[in-house]
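S.K.: Please find one structure pasted underneath; my questions will follow.
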Amino acid sequence: MSTATAGAGGIGWVLADSWTMTRRELAHWARQPVQVVVGLVFPVMLLLMFNYLVGGGRGVEGDNTEFLVPGMLALTMAFGLEGTMLAVTQDLGKGVVDRFRSMPMVSGAVLVGRSAADMLQSVAALAVMTGVGFALGWRWHNGPAAALAGLGLLLLLRFAMLWVGIHLAMVAGRPEMVQAVQILVWPVGFLSNVFASPESMPGWLGTVVEWNPMSATATAVRGLFGNPGGATGSWAAEHAELLAVLWPVALIAVFLPLAVRRFVRLSH
Amino acid sequence: MSDAIVVEGVHKRYGQKRALDGLDLTVRGGTVHGVLGPNGAGKTTVVRILSTLLRHDGGRAEVAGFDVRTEAAEVRRRIGLLGQHAAVDEELGGRQNLEMFGRLHHLGARRAGVRADELLERFGLADTGRKAVKRYSGGMRRRLDLAASLITEPEVLFLDEPTTGLDPRGRAEVWSAVRSLAAGGTTILLTTQYLEEADQLADRISVVDGGRVIAEGTADRLKAMVGGDRIDVVVRDAGRLADAARLLGEGATADADRRLLSAPAPDRMAALTRTVRALEEAGIEAEDIAVRRPTLDEVFLALTGPGDGVEAAMNTAVAV
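Chains as they are written, first to last, in this note's numbering: chain D, 3 to 270; chain E, 2 to 321.
Listed below in structure tokens is the structure:
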């Protein structure tokens, strides 16, 4: 039977194995629909909470909801890091990864499956969030091309956080360690312009906030959607679109190879 | 048949700890080889190195004629691995698991499906194929795990403590599967803490301690190494145990709870007659007297010496 495993090879197997691993993640969803729904509802809950209860948009001219929605989209993409980390640590803790690694498959396909599933989940999350945003009165004002560019930047941020998450998960190793990272994710998430304009903060803090990768994405997306809160006059704000591309690309360039290398060499 | 596994002077360190310290192992094709040792002896490390999950620091390791470090892909096409923990996706069903592994073995979608059904049938899991594996019993999970190791009918199968944590029925199921695979010509490397398991299943046994093989051979040969046959006496009156022990002479051991004495009996029948007569003269009543080959537990104790080895062997004796 081993003849069946010979031959072919190359890019064909990379695609075939990646597809098999993506199917595995989709099969998990089909078996746990509640978990999928909870994952989609949580950011919506945050959006509603900040829209109605906390009253974001501190120090911003214009409509609060118009300011908040693009920021929440960026926050949701960045917080996807946690979901990725949790999924990876849980998976690595199981014996099934040992089986994958002792098989003649393309070993990186395990990570491709993870990233494909997380990206699909993020597309769904964006669809739900923008739908709710529309219901709240938020709009994109600059036409479909700019809107798509904005969504593209959001997914690029998610893709970067995905690989950061995969790498951190392997460094952390155990699901318990993810909690430590989760605690750090929140201040990093709030040290941004998602909820408040950097202009409303002390000078040094405003600068830190503006250089946060998530702020760059939020500012760029606000500009592309024609939502308020984009311009603060600083260099980082003026070049938000450039930063919204450079930051994620830099993170991917560092963490994707690190993650793949670590996975291939993984040894307990 | 040629050698299916060759391990020569393999070293592996984890930081300061030497997990393997120049381990040697040769397994002939088509045989079952037992690797017996206490926890921490290096059994799992050997299996992980041979199944390409772990890289060794020094020495030579070959499986099915391929170097596990430089020809890992070739090795992976020819092996199956049953690790200590179930290596299946617990969220998915049994059939979903086997089909997925078949695809990852590059059988193609159709053949992966056919193979999955064959294996479910063969391991008596056909009606449970759709149920999530986490709802399986321990024995069922182990059988599915074994089925997953056999997708491509591997030349060499690694079983790392395959029955640890199973109830007697689950253990019997795994044993019978191993026997039928061995009968079919699969080379099997089996690690175990259960001496009985190695005795039952393995053609040859390597006793491992401290990352090294401290004895190797057939179960009979290992038993002979400890010094031949023994005589066991169960005394009716526990109070006479010490008296009886004196009669049995040098090297006698006593187990007070079971009122059992055991002593070397190199001359077998002569020792039996001598003992019966001596007990009779001393007026000590025996419930049972028998001459027997030494057990692997005794081999183990004798070889691994005091310390962890003894404790592990005692635990094993209880577990068996």
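Just so it is clear, CB atoms sit at the ideal spot from N, CA and C, and this is done for glycine as well. Note that the structure is predicted; figures quoted are calculated from it, not measured.
#1: If you reduce the DSSP assignment to three classes, tell me which class E/E217 lands in.
#2: On the DSSP letters alone, give me the boundaries of the alpha helix (DSSP H) that E/G94 sits inside.
#3: Within 10 Å of its beta-carbon, does D/L17 have 16 or more other beta-carbons around it, so buried, or fewer, so exposed?
#4: For the beta strand (DSSP E) that contains D/K96, what are its first and last residues?
#5: Between E/S177 and chain D, is there a C-beta pair that is closer than 8 Å?
#6: Determine the contact status of E/E63 and E/V7, defining contact as a CB-CB distance below 8 Å.
#7: Would you check if the segment 238-251 of chain E and the segment 213-228 of chain E touch, i.e. whether three or more CB-CB distances between them fall below 8 Å?
#8: Which chain D residues sit within Cβ distance under 7 Å of E/S263?
#9: At a Cβ cut of 9 Å, what residues of the segment 22-41 of chain D count as close to chain E, listed as they run along the chain?
#10: Which of helix, strand or coil does DSSP assign to E/Y137?
#11: Could you tell me which whole alpha helix (DSSP H) segments of length 4 or greater appear in the segment 154-229 of chain D?
#12: Tell me, please, whether the CB atom of D/S104 is closer than 8 Å to any CB atom in chain E?
#13: Is the separation between the beta-carbon of E/T187 and that of E/P155 shorter than 8 Å?
#14: Who are the near neighbours of D/G115 in its chain, counting only those whose CB is closer than 7 Å to its CB and skipping five residues on each side?
#15: What are the start and end residues of the alpha helix (DSSP H) that includes E/R294?
#16: Would you mind working out which of E/L167, E/L51, E/L83, E/L82 sits nearest E/D68, comparing C-alpha positions?
#17: Kindly say whether E/A20, judged by its beta-carbon, lies nearer than 8 Å to any beta-carbon of chain D.
#18: Below 8 Å, can you find three or more Cβ-Cβ pairs linking the segment 235-252 of chain D to the segment 212-226 of chain D?
#19: Measuring only between beta-carbons, confirm whether E/E162 sits less than 8 Å from chain D.
#20: The alpha helix (DSSP H) with E/V76 in it runs from where to where?
#21: What distance in whole Å lies between the Cβ atoms of D/V46 and D/M131, which are believed to be in contact at a cut-off of 8 Å?
#22: Assuming the contact rule is C-beta atoms closer than 8 Å, E/V292 and E/D221 should be a hit. Round their C-beta distance to whole Å, please.
#23: Look up E/R269 in the DSSP assignment and say whether it is helix, strand or coil.
#24: Check the Cβ-Cβ distances between D/V16 and every residue of chain E, and say whether any is below 8 Å.
#25: Let me check understanding here. Comparing Cα to Cα, which of E/P267, E/R259, E/T274, E/D238 lies closest to E/G284?
#26: Hey, out of E/A255, E/L280, E/R294, whose CA is closest to E/P267's CA?
#27: Starting from E/D58, find everything on chain D with Cβ-Cβ shorter than 7 Å and list it in chain order.
#28: E/I50 lies in the alpha helix (DSSP H); which residues open and close that run?
#29: Going by Cα to Cα distance, which pick from E/G41, E/L147, E/T153, E/L261 is closest to E/W176?
#30: Just the Cα atoms here: how many angstroms apart are D/T221 and D/A119?
#31: The ligand COA and E/D238: does the residue's C-beta get closer than 7 Å to at least one heavy atom of that ligand?
#32: Compare the Cα-Cα distances from E/G218 to each of E/A264, E/V33, E/I152 and report the closest residue.
#33: Is E/E312 close to chain D, meaning its C-beta is less than 8 Å from at least one C-beta of that chain?
#34: DSSP three-state call for D/D65: helix, strand or coil?
#35: When the Cα atoms are used, what is the spatial distance from D/E178 to D/L155?
#36: Report yes or no: is there a C-beta of chain D within less than 8 Å of the C-beta of E/V319?
M.R.: Considering the structure as presented:
#1: Sequence index remark: in the second sequence, residue 217 of chain E carries index 216 (1-based). Strand at E/E217.
#2: Indexing the second sequence from 1 puts residue 94 of chain E at position 93. No alpha helix (DSSP H) holds E/G94; DSSP gives it neither H nor E.
#3: One-based indexing of the first sequence puts residue 17 of chain D at position 15. Burial call: exposed.
#4: Your numbering for residue 96 of chain D matches position 94 in the first sequence. Run containing D/K96: none; DSSP gives neither H nor E here.
#5: In the second sequence, residue 177 of chain E corresponds to position 176, counting from 1. No, its Cβ sits nowhere closer than 8 Å to a Cβ of chain D.
#6: Against the second sequence, residue 63 of chain E aligns to sequence position 62. Against the second sequence, residue 7 of chain E aligns to sequence position 6. Closer than 8 Å, so yes.
#7: no
#8: Along the second sequence, one-based indexing puts residue 263 of chain E at 262. None at all; the shortest Cβ gap to chain D is about 41 Å.
#9: T22, M23, R25, R26, A29, H30, R33, Q34
#10: Taking the first residue of the second sequence as 1, we reach residue 137 of chain E at position 136. In the structure shown, E/Y137 sits in coil (DSSP, three-state: anything other than H, G, I, E or B).
#11: 177-192, 205-213, 215-227
#12: Taking the first residue of the first sequence as position 1, residue 104 of chain D is located at position 102. At least one chain E Cβ lies under 8 Å of D/S104.
#13: Along the second sequence, one-based indexing puts residue 187 of chain E at 186. Along the second sequence, one-based indexing puts residue 155 of chain E at 154. In this structure, E/P155 lies closer than 8 Å to E/T187 by Cβ.
#14: By 1-based counting over the first sequence, the position of residue 115 of chain D is 113. The residues are S20, M23, T24, R26, E27.
#15: The residue labelled residue 294 of chain E in the question sits at position 293 within the second sequence. First-last for E/R294: undefined, no H or E at that position.
#16: Working through the second sequence from its first residue, we reach residue 68 of chain E at position 67. The residue with the shortest Cα to Cα distance from E/D68 is E/L51.
#17: What you label residue 20 of chain E is simply residue 19 of the second sequence in a count that begins at 1. Judged by the 8 Å Cβ criterion, E/A20 is not in contact with chain D.
#18: yes
#19: Sequence index remark: in the second sequence, residue 162 of chain E carries index 161 (1-based). By this cut-off, E/E162 is not an interface position.
#20: Reading the second sequence from its first residue, position 75 is the one you call residue 76 of chain E. Its alpha helix (DSSP H) spans residues 73-79.
#21: On the first sequence, position 129 is the one that residue 131 of chain D refers to. On the first sequence, position 44 is the one that residue 46 of chain D refers to. About 6 Å; that satisfies the 8 Å criterion.
#22: Residue mapping note: residue 292 of chain E aligns to position 291 of the second sequence, counting from 1. Residue mapping note: residue 221 of chain E aligns to position 220 of the second sequence, counting from 1. At roughly 16 Å, the Cβ-Cβ gap does not stay under 8 Å, so E/V292 and E/D221 are not in contact.
#23: Taking the second sequence and counting its residues from 1, one reaches residue 269 of chain E at position 268. Reduced to three states, the DSSP call for E/R269 is coil.
#24: What you label residue 16 of chain D is simply residue 14 of the first sequence in a count that begins at 1. Not an interface residue.
#25: As a first step, residue 284 of chain E is located in the second sequence; it is residue number 283 there, counting from the start. Minimum Cα distance to E/G284 is reached at E/D238.
#26: Numbered from 1 along the second sequence, position 266 holds the residue referred to as residue 267 of chain E. Answer by Cα proximity: E/R294.
#27: Translated into the one-based positions of the second sequence, residue 58 of chain E becomes position 57. Simply none; closest approach about 12 Å.
#28: In the second sequence, residue 50 of chain E corresponds to position 49, counting from 1. Taken as a continuous stretch (DSSP letters only), the alpha helix (DSSP H) holding E/I50 covers 44-51.
#29: Taking the second sequence and counting its residues from 1, the one referred to as residue 176 of chain E is at position 175. For the residues E/G41, E/L147, E/T153, E/L261, the minimum Cα distance to E/W176 belongs to E/L147.
#30: Numbered from its first residue, the first sequence carries residue 221 of chain D at position 219. Numbered from its first residue, the first sequence carries residue 119 of chain D at position 117. The alpha-carbon atoms of D/T221 and D/A119 are separated by roughly 27 Å.
#31: Here there are no bound small molecules, and the ligand COA is not part of this structure.
#32: Numbered from its first residue, the second sequence carries residue 218 of chain E at position 217. Comparing Cα-Cα distances from E/G218 to each of E/A264, E/V33, E/I152, the minimum goes to E/V33.
#33: As a position in the second sequence, residue 312 of chain E is number 311, starting the count at 1. Below a pLDDT of 50, predicted positions are generally treated as unreliable, and E/E312, at 41, falls in that range; no measurement from the model is reported.
#34: Here residue 65 of chain D refers to the residue found at position 63 when the first sequence is read from its first residue. Coil.
#35: As a working note, residue 178 of chain D is residue 176 in the first sequence. As a working note, residue 155 of chain D is residue 153 in the first sequence. About 31 Å.
#36: Mapped onto the second sequence, residue 319 of chain E falls at position 318. For E/V319, the predicted model reports a pLDDT of 39, less than 50, meaning its position is unreliable and no value from the coordinates is stated.
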